[in-house]
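Asker:
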Amino acid sequence: DLLVVGSANADLVVGVERRPGAGETVLGGDLAVHPGGKGANQAVAAARLGARTALLARVGDDGHGRLLRDSLRSAGVDTAAVLTGGAPTGVALITVDPSGDNSIVVSPGANARLTEDDVRAEVLGAARVVSAQLEIPPATVAAVVRALPEGTRFVLNPSPPRPLPGEVLAACDPLVVNEHEARVLLGDEETGGTGEPGEVPADPADWARRLLALGPRSVVVTLGAEGALVCDASGVRAVPSVAVAAVDTTGAGDAFTAALAWRLGAGEELPVAAAYAARVGAAAVTRRGAQESYPTAAEVAALDA
Ligand code: ADP
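Using the UniProt record's numbering, you'd call the opening residue of the sequence shown number 5 and step up by one each time.
1) Suppose you measure from the CA of VAL188 to the CA of PRO165; what does that come to, to the nearest Å?
2) So the beta strand (DSSP E) LEU97 belongs to, where does it begin and stop?
3) Can you determine whether any heavy atom of ligand 1 sits closer than 7 Å to the C-beta of PHE260, and answer yes or no?
4) Based on DSSP bridge pairs, tell me the residues matched to ARG62.
5) Short of 7 Å in beta carbon distance, which residues of its chain neighbour PRO92, apart from the five on each side in sequence? Order them along the chain.
6) Give the straight-line distance between the Cα atoms of ALA55 and ARG213, rounded to the nearest whole angstrom.
7) Would you list, in sequence order, the uninterrupted beta strand (DSSP E) runs of no fewer than 3 residues that lie entirely inside the segment 181-242?
8) Sort HIS184, GLY191, GLU183 and GLY155 by Cα distance to CYS176 and report the nearest one.
9) What is the DSSP secondary structure of ASN13, counted as helix, strand or coil?
10) Does the Cβ-Cβ distance between VAL180 and VAL204 come in under 8 Å?
11) Between VAL18 and the rest of its own chain, which residues show a CB-CB distance below 7 Å, the 5 nearest in sequence each way excluded?
12) Classify PRO201: buried if its beta carbon has 16 or more other beta carbons within 10 angstroms, exposed otherwise.
13) Looking only at its own chain, which residues have a Cβ that is under 7 Å from the Cβ of ARG23, when we skip the five neighbours before and after it?
14) Residues in its own chain within less than 7 Å of GLY90 by CB, not counting five upstream and five downstream?
15) Which of the three DSSP states is assigned to PRO178 in this structure?
16) Could you compute how far the alpha carbon of VAL20 sits from the alpha carbon of ASP105?
17) Do three or more CB pairs link the segment 259-273 to the segment 34-54 at distances below 8 Å?
18) Looking only at its chain, what residues have a beta carbon closer than 7 Å to the beta carbon of LEU168, apart from the 5 residues adjacent to it on each side?
19) Can you tell me whether PRO142 is helix, strand or coil according to DSSP?
20) Within the continuous beta strand (DSSP E) that includes SER107, where are the two ends?
21) So is GLU126 buried or exposed if we call it buried at 16+ other beta carbons inside 10 Å?
22) Give me the Cα-Cα distance between VAL225 and VAL234, rounded to the nearest whole angstrom.
23) Just jot down, in chain order, the residues whose CB lies closer than 6 Å to any heavy atom of ligand 1.
24) So, at 7 Å on beta carbons, what are the nonlocal neighbours of ALA279 in its own chain, with the 5 sequence-adjacent residues on each side left out?
25) Return yes when the Cβ of VAL95 is within less than 8 Å of the Cβ of ALA14, no when it is not.
26) Applying the 10 Å Cβ sphere with the 16-neighbour rule, what's the burial state of ASP74?
27) Taking the straight line between their C-alpha atoms, what separation do you get for THR195 and HIS184?
28) If you run the structure through DSSP and keep just helix, strand and coil, what is ARG291?
29) Kindly indicate which residue of ALA229, VAL133 and TRP266 has the alpha-carbon position closest to the one of GLY285.
30) If you draw a straight line from the C-alpha of THR88 to the C-alpha of SER238, how long is it?
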């Protein structure tokens with residue numbers, strides 16, 4: 005069974021002709037409200053594939069919280085560990101202009117109130133694999149790592165990226181990053197890292213090896229339409245990409261990571277699980293939205309190649 009620990013947000017989206025500057029008001033189109041947040045996205049993606057999935061998260065006692073619960077339940081996610089209260093449900097306020105560029109304000113709300121005390125042994129106990137991201141407090145992620153039962157695998161997508169303590173890095177099997185996250189973790193100053201300029205190598209295979217040297221047991225680098233790389237003590241291997249007509253890549257990384265965690269929990273080797281995850285990611289980019297775009301196992305099987 006898969007336990008996802010992470011965020012649940014309502015994404016509030018308004019299309020605008022032009023994104024407003026300071027002090028400016030612009031009129032936009034009708035509001036669209038979508039269930040989102042990396043934790044909820046991962047849980048929905050896995051459940052839709054047929055994985056037995058639970059989510060440990062926190063939402064507010066409000067309409068957005070109920071929207072998220074409904075979306076999770078209708079995908080088949082066990083919501084017994086979706087906690088309520090402490091603050092309003094997290095929201096992302098998103099304006100999108102006609103060229104597709106957006107401006108986003110995130111209010112973490114209840115996600116910031118998911119604490120170490122919420123990480124209970126009985127929730128973790130049933131999981132073969134636990135998957136987390138970084139839209140919840142770092143101390144909560146560290147508490148998850150410390151509470152992992154013997155033999156439970158831990159998968160982390162460090163998004164949004166920030167420096168990770170050694171105990172968290174050491175637990176990752178794998179650490180799953182996209183290009184941006186890899187650059188930040190490897191300390192590229194231009195992307196907000198703390199390292200020397202020019203320190204990040206050009207070749208993604210080198211990113212994978214450098215990330216492995218930070219301490220995780222394995223690393224996966226996702227490369228969008230180029231597929232992915234897997235890396236462990238035995239070396240770096242390319243995961244084939246799947247050619248699809250991409251419509252919207254929102255949430256592709258979340259679907260990839262969820263599928264990967266599920267297949268690893270089912271006992272597959274890393275390259276095999278990653279190849280399946282790449283097919284899930286590819287299927288997810290063929291439809292608009294995040295959770296709305298996630299495929300069933302039958303849809304993944306029907307993809308060419
Ligand atoms: P993120 O969404 O975190 O930026 P990526 O863009 O790397 O992550 O996408 C995650 C995975 O989804 C990729 O490794 C790949 O398997 C799949 N994917 C993403 N974009 C495409 C695409 N245009 N064509 C095929 N597969 C894609």
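Here a beta-carbon is modelled for each residue, glycine too, at the ideal position from N, C-alpha and C.
Answerer: Here's the rundown:
1) Indexing the sequence shown from 1 puts residue 188 at position 184. Indexing the sequence shown from 1 puts residue 165 at position 161. Answer to the nearest angstrom: the Cα atoms are 6 Å apart.
2) Here residue 97 refers to the residue found at position 93 of the sequence shown. Element bounds for LEU97: 94-100.
3) Mapped onto the sequence shown, residue 260 falls at position 256. Yes, ligand 1 has a heavy atom inside 7 Å of this Cβ.
4) Along the sequence shown, one-based indexing puts residue 62 at 58. Answer is LEU87.
5) Counting from one through the sequence shown, the residue named residue 92 turns up at place 88. Contacts found: GLY64, ASP66, GLY113 and ALA114.
6) Taking the first residue of the sequence shown as 1, we reach residue 55 at position 51. Taking the first residue of the sequence shown as 1, we reach residue 213 at position 209. Answer to the nearest angstrom: the Cα atoms are 31 Å apart.
7) 223-226 and 232-236
8) Residue numbering aside, residue 176 sits at position 172 when the sequence shown is read from its first letter. The candidate whose alpha carbon is nearest that of CYS176 is GLY155.
9) By one-based count along the sequence shown, residue 13 stands at place 9. Residue state, collapsed to three classes: strand.
10) Reading the sequence shown from its first residue, position 176 is the one you call residue 180. Reading the sequence shown from its first residue, position 200 is the one you call residue 204. A distance of 8 Å or more separates the beta carbons of VAL180 and VAL204.
11) As a position in the sequence shown, residue 18 is number 14, starting the count at 1. Excluding positions up to five away in sequence, the list reads GLY32, GLY33, LEU35 and THR99.
12) For the purposes of this step, residue 201 is taken as the residue at position 197 of the sequence shown. For PRO201, the pLDDT reaches just 49, beneath the cut-off of 50, and the residue's location in the model is therefore unreliable, although a value from the coordinates is still provided. Exposed, since its Cβ has fewer than 16 Cβ neighbours within 10 Å.
13) Looking up residue 23 in the sequence shown gives position 19. These residues qualify, in order along the chain: THR99, ASP101 and SER107.
14) As a first step, residue 90 is located in the sequence shown; it is residue number 86 there, counting from the start. Same-chain partners within the cutoff: ARG62, ALA114 and ARG117.
15) Here residue 178 refers to the residue found at position 174 of the sequence shown. Correct three-state label for PRO178: strand.
16) Within the sequence shown, numbered from 1, the residue matching residue 20 stands at position 16. Within the sequence shown, numbered from 1, the residue matching residue 105 stands at position 101. Looking at the two C-alpha atoms, the distance is approximately 10 Å.
17) yes
18) The residue given as residue 168 occupies position 164 in the sequence shown. Same-chain partners within the cutoff: PRO162.
19) As a working note, residue 142 is residue 138 in the sequence shown. PRO142 falls in the helix class under three-state DSSP.
20) Residue 107 sits at position 103 when you count from the first residue of the sequence shown. Residues 106-111.
21) Within the sequence shown, numbered from 1, the residue matching residue 126 stands at position 122. By the neighbour-count rule (16 or more Cβ atoms within 10 Å), GLU126 is not buried but exposed.
22) As a position in the sequence shown, residue 225 is number 221, starting the count at 1. As a position in the sequence shown, residue 234 is number 230, starting the count at 1. Roughly 7 Å separates the two Cα atoms.
23) Listed by position along the chain, the residues with Cβ atoms less than 6 Å from a non-hydrogen atom of ligand 1 are ASN182, THR226, LEU227, GLY228, ALA229, GLY231, ALA232, SER245, VAL246, VAL248, ALA250, THR253, ALA256, GLY257, PHE260, ALA282, GLY285, ALA286 and VAL289.
24) Numbered from its first residue, the sequence shown carries residue 279 at position 275. Contacts found: VAL243 and PRO244.
25) Within the sequence shown, numbered from 1, the residue matching residue 14 stands at position 10. Within the sequence shown, numbered from 1, the residue matching residue 95 stands at position 91. Yes, they are a contact pair.
26) Here the question's residue 74 lines up with position 70 in the sequence shown. Classification for ASP74: exposed.
27) Numbered from its first residue, the sequence shown carries residue 195 at position 191. Numbered from its first residue, the sequence shown carries residue 184 at position 180. Residue placement at THR195 is poorly supported in this model, since its pLDDT is 48, which falls under 50; the coordinates still yield a value, given next. About 8 Å.
28) Taking the first residue of the sequence shown as position 1, residue 291 is located at position 287. Of the three classes helix, strand and coil, the one that applies to ARG291 here is coil, per DSSP.
29) Along the sequence shown, one-based indexing puts residue 285 at 281. Closest option to GLY285, Cα to Cα, is ALA229.
30) Counted from its first residue, the sequence shown places residue 88 at position 84. Counted from its first residue, the sequence shown places residue 238 at position 234. One C-alpha to the other measures close to 44 Å.
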